[in-house]
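Colleague: My questions all concern the structure below.
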Amino acid sequence: MPAARQWEFAGANGAVTAHIWPHDAPRYVAVLVHGYGEHLGRYGHVAAALHDHGALVCGPDHAGHGRSAGDRVLVDDVDDLVADLHTVVASAREDLPGLPVIMIGHSMGGLVATRHAQLHGAELTALVLSGPVLGRWDALAALRDLTEIPDVPIDPATLSRDPEVGRAYAADPLVWHGPFKPATVRALLAGIEAANRHGSLGGLPVLWLHGEDDRLVPVAGTRAGIEAIRGTALTSKLYPGARHEIFNETNRAEVLADVTAAIDAALAAGSPR
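Going by the UniProt record's numbering, the sequence shown opens with residue 1, and the numbers climb by one from there.
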């Protein structure tokens, strides 16, 4: 697979760095949407699997994340992240007109991807959600009214049963290891509520994947959000024992095979809209 290239554009709140893994003869475009505090550079193996499956792969580092500009992990409005994501999608569609677009969002990126689908769903052929922040996130809601948010970083052991994943995460200088910012807490909770209010994704094929032992974004809270947005083409799968980052789990090959199988089905069915 070719090495990723980066390009920069003026986002809603400053310069955004986007990544692209090119493909000589792509069958579709896969847009990756990363989670809170991380960056798209952690998704090289996901991009490789999708590239081997025939995708040109692309996606942004969210504002304030990774190589993008902005105060670290500061989110004023989830729909600002959606607007930046839409710029990446629009660029890919301009470069590769007529190709199907599959969006894959993890954790907070699942919320951003869902809001994108709600606002720009006609541009997508399918949506894949990995441990998405939807419905309710009780741990975040508990921070809403605190005058000072505790400086307690994410426990790397909650990410995956593979200890190497946690070690790499803890040592990654582009990963945020500090506390949530109050504005980000408010923005994410407002984004969750907006997704719940907006409701159904209609006929868009949606694949929801989640680790049963996800302690960061528990299944029960997300399930309420999936019920709020579900349309007529929802498929779901829970992985026993898996933690939050299912693309980095010990059964990652199974997870990625489930993703590519769902993409094949969506491509065969064609655009729902």
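Yeah, the Cβ is synthetic: ideal placement off N, Cα and C, and Gly gets one too.
Owing to the predicted nature of the structure, the values given are computational and were not obtained by experimental measurement.
So, for residue 35: in the same chain, excluding its five sequence neighbours on each side, which residues have a beta-carbon less than 6 Å away from its beta-carbon?
Modeller: Once the five neighbours on either side are set aside, the close Cβ partners of residue 35 are 106, 107, 108 and 109.
Colleague: Can you name, in chain order, every residue of its own chain whose Cβ lies under 6 Å from the Cβ of residue 103, other than the five neighbours on each side?
Modeller: Same-chain partners within the cutoff: 31, 113, 124 and 127.
Colleague: Measuring CB atoms only, is the segment 128-140 touching the segment 59-78, in the sense that at least three cross pairs come out at less than 8 Å?
Modeller: The segment 128-140, when compared against the segment 59-78, does not touch it at the 8 Å Cβ threshold.
Colleague: In its own chain, which residues sit with a C-beta less than 6 Å from the C-beta of residue 165, not counting the 5 before and 5 after it?
Modeller: Cβ within range, chain order: 159 and 248.
Colleague: Taking the beta carbon of residue 270 as the centre, do at least 16 other beta carbons fall within 10 Å, making it buried, or is it exposed?
Modeller: Residue 270 comes out exposed.
Colleague: May I ask you to list the residues that DSSP assigns as paired with residue 106?
Modeller: According to DSSP, which records beta bridges pairwise, residue 106 is partnered with 130.
Colleague: Let me check understanding here. Comparing Cα to Cα, which of 263, 243 and 216 lies closest to residue 235?
Modeller: Of the listed residues, the one whose Cα sits closest to residue 235 is 263.
Colleague: Any idea what DSSP makes of residue 32, helix, strand or coil?
Modeller: Strand, per DSSP.
Colleague: Taking the DSSP output, what are the residues bridged to residue 239?
Modeller: Residue 239 is bridged to 211.
Colleague: Between residue 250 and residue 155, is the Cβ-Cβ spacing less than 8 Å?
Modeller: No, these two residues do not count as a Cβ contact at 8 Å.
Colleague: Just curious, the alpha helix (DSSP H) that residue 263 is in, first and last residue?
Modeller: From DSSP, the alpha helix (DSSP H) with residue 263 extends over 252-269.
Colleague: Quick one: using the 10 Å Cβ neighbour count with 16 as the cut-off for buried, is residue 273 buried or exposed?
Modeller: Per-residue confidence for residue 273 stands at a pLDDT of 44, beneath the threshold of 50, marking its modelled position as unreliable; the derived number appears in the next sentence. Counting Cβ neighbours within 10 Å, residue 273 comes out exposed, since fewer than 16 surround it.
Colleague: Distance, Cα to Cα, residue 245 vs residue 57?
Modeller: Approximately 19 Å between the Cα atoms of the pair.
Colleague: So what does DSSP say about residue 8, is it helix, strand or coil?
Modeller: Residue 8 falls in the strand class under three-state DSSP.
Colleague: Helix, strand or coil for residue 178? Go by DSSP, reduced to three states.
Modeller: Correct three-state label for residue 178: coil.
Colleague: Can you confirm whether the segment 191-200 touches the segment 219-238 when touching is taken to mean that 3 or more C-beta pairs between the two stretches lie within less than 8 Å?
Modeller: Touching, yes.
Colleague: Grab the span of the beta strand (DSSP E) containing residue 19 for me, first residue to last.
Modeller: Run containing residue 19: 14-21, per the beta strand (DSSP E) assignment.
Colleague: What does the alpha-carbon distance come out to for the pair residue 17 and residue 214?
Modeller: One C-alpha to the other measures close to 29 Å.
Colleague: Measure the C-alpha to C-alpha separation of residue 73 and residue 38 and round it to an integer number of angstroms.
Modeller: Answer to the nearest angstrom: the Cα atoms are 9 Å apart.
Colleague: Could you check if residue 7 is buried or exposed, using at least 16 other CB atoms within 10 Å of its CB as the buried criterion?
Modeller: By the neighbour-count rule (16 or more Cβ atoms within 10 Å), residue 7 is not buried but exposed.
Colleague: Give the C-beta separation of residue 133 and residue 111 to the nearest angstrom, bearing in mind that I take them to be a contact with Cβ-Cβ under 8 Å.
Modeller: That belief holds up - the Cβ atoms of residue 133 and residue 111 are roughly 5 Å apart, short of 8 Å.
Colleague: Quick check on DSSP: helix, strand or coil for residue 156?
Modeller: The answer is helix: DSSP assigns residue 156 an H, G or I state.
Colleague: Less than 8 Å between the C-beta atoms of residue 23 and residue 59, yes or no?
Modeller: No. Outside cutoff.
Colleague: Ignore the nearest five residues each way along the sequence and tell me which others in residue 233's own chain have a CB closer than 7 Å to its CB.
Modeller: Around residue 233: 203, 204, 205, 206 and 272.
Colleague: When we look at the beta-carbon of residue 146 and count the other beta-carbons within 10 Å, is it buried (16 or more) or exposed?
Modeller: Residue 146 is exposed by the Cβ-count criterion.
Colleague: Within 10 angstroms of its Cβ, does residue 211 collect 16 or more other Cβ (buried), or is it exposed?
Modeller: Looking at its Cβ environment, which holds 16 or more other Cβ atoms inside 10 Å, residue 211 is buried.
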